[in-house]
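Numbering (our numbering), first residue to last: 11 to 314. Glycine residues also receive a C-beta, built at the ideal position from the N, C-alpha and C atoms. Quick notes on the structure that follows.
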Amino acid sequence: MDLIATAQEYWEIVDSMDWWIRLIVGLSCSVIAGALVQIIAKGPVVKLISKSDNKYDDAIFDLATPLINAGVVLAGLWLTIMWVFESDSTKSMLFAKLIVIVLVYMLARFAVQIVELFVPPVIESLNKRADMDLGGVESLIFSGLKIAIWLGAAIVIFAQLNIDITGILASATVISLVVGMALKETASNLVSGMMMVMDKPFEVGDKVTVMGVTGKVVDVGIMSTKIKTGQEHQVVIPNKSISGKEVINFAKGGPEDTPKRVNLRLNIGVGYGEEPAHVKQMLLDVVRECDYIIDNPPPTALFL
């Protein structure tokens, strides 16, 4: 009780001082609190994180540490402003809004850094799992997420500044509609590409027939699919065109992006004087001598 009474007595003394003295005291306490948080973060917290095998812990902690330190200082500054200028609501609200704006900016910047940290490995993982080249859409994902983050931050900041953003949002909606109409084909290819990631009608290395084009799939992108024909021609087909069309897959791609098995049917003509049994036996003997022919299912020779 004596400690509480003593603290209350000192508080009353400080509270009765001039505003600039109270401001200095509040700022000093805020800086000290930020320094204490930094000491704790660099001590026990770092040791705890270092024991984890997750490689992203250190990176996230390094990004979050400045935000946490600044957040503590800004929180202390906000409390100081509300305490020092409690009798002047105009000043207190003005300073409080400025602090909120700075904090929102720092949070948005932290969110962008998190996006830059996690998007590349996520794209790489999707590339491996879906066997698709998503590198072309990586910049699109980056831009979309960053725009969403900064747009959200801007809305909060405008609200703090009492700026009516109804007109801005209406203009943005109109612009979005115009851009959406202009990029209709691109969006269709993107959606079709994402559907192909989930459905996986073929993989790189498969021999397929798509829209009358027969050949080996050499690349499955987010916008288009590339097929190499037997005449060494590369045919680029937009994913939108493939969606909803019949796809004949002659083989399933293996782990090395090469077909494990291809079922071939060859039409061979012989003279009318040849014995069918002799021709059939010769064909089977030739086929069995080929190292690339599997035994199960066995090759067959049919007469039409």
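Compute the beta-carbon to beta-carbon distance between residue i and residue j, rounded to the nearest angstrom, for a pair I have assumed lies under 8 Å.
i: Val94; j: Gly36; result: 6 Å
i: Ile252; j: Ile237; result: Contact flag wrong, Cβ pair sits at about 10 Å.
i: Ala118; j: Ile151; result: Not quite, the Cβ-Cβ distance comes to about 17 Å (not below 8 Å), so this is no contact.
i: Val227; j: Thr239; result: Between Thr239 and Val227 the Cβ distance is about 11 Å, and since that is not below 8 Å, they are no contact.
i: Val9; j: Val82; result: No statement about residue 9 is possible, as the shown extent of the chain runs from 11 to 314 and does not include it.
i: Ile167; j: Val114; result: 6 Å
Which residues mark the beginning and the end of the alpha helix (DSSP H) in which residue i is found?
i: Ile34; result: Trp29 to Ile50
i: Ile290; result: Strictly speaking, residue 290 in this sequence is Lys, with Ile absent from that position. From DSSP, the alpha helix (DSSP H) with Lys290 extends over Pro286 to Arg298.
Buried or exposed for residue i, please, with buried defined as at least 16 other CB atoms from any protein chain shown within 10 angstroms of its CB.
i: Pro54; result: exposed
i: Thr16; result: exposed
i: Leu87; result: buried
i: Ala287; result: exposed
i: Glu285; result: exposed
i: Phe313; result: exposed
i: Thr90; result: buried
i: Gly231; result: buried
i: Ser181; result: exposed
i: Pro308; result: exposed
Between which two residues does the beta strand (DSSP E) carrying residue i extend?
i: Gln244; result: Gln244 to Pro248
i: Asp229; result: Val223 to Val230
i: Val218; result: Lys217 to Val220
i: Asn259; result: Val257 to Asn259
i: Thr310; result: Note, Thr310: premise wrong, no beta strand (DSSP E); not H, not E.
i: Lys210; result: Segment: none, Lys210 is in no beta strand (DSSP E) and carries neither H nor E.
i: Ile237; result: Ser234 to Thr239
Spatial neighbours of residue i within its chain, please: C-beta separation below 8 Å, excluding the five flanking residues on both sides.
i: Tyr66; result: Leu127 and Phe128
i: Asp301; result: none
i: Lys107; result: Gln170 and Leu171
i: Phe120; result: Leu73, Ala74 and Leu77
Could you pull out every residue in the same chain whose Cβ sits closer than 7 Å to the Cβ of residue i, ignoring the five residues on either side in sequence?
i: Lys61; result: none
Contact between the segment 221 to 230 and the segment 270 to 289: three or more CB pairs below 8 Å? no
Check whether the segment 69 to 77 touches the segment 26 to 41, taking contact to mean three or more Cβ pairs, one atom from each stretch, closer than 8 Å. no
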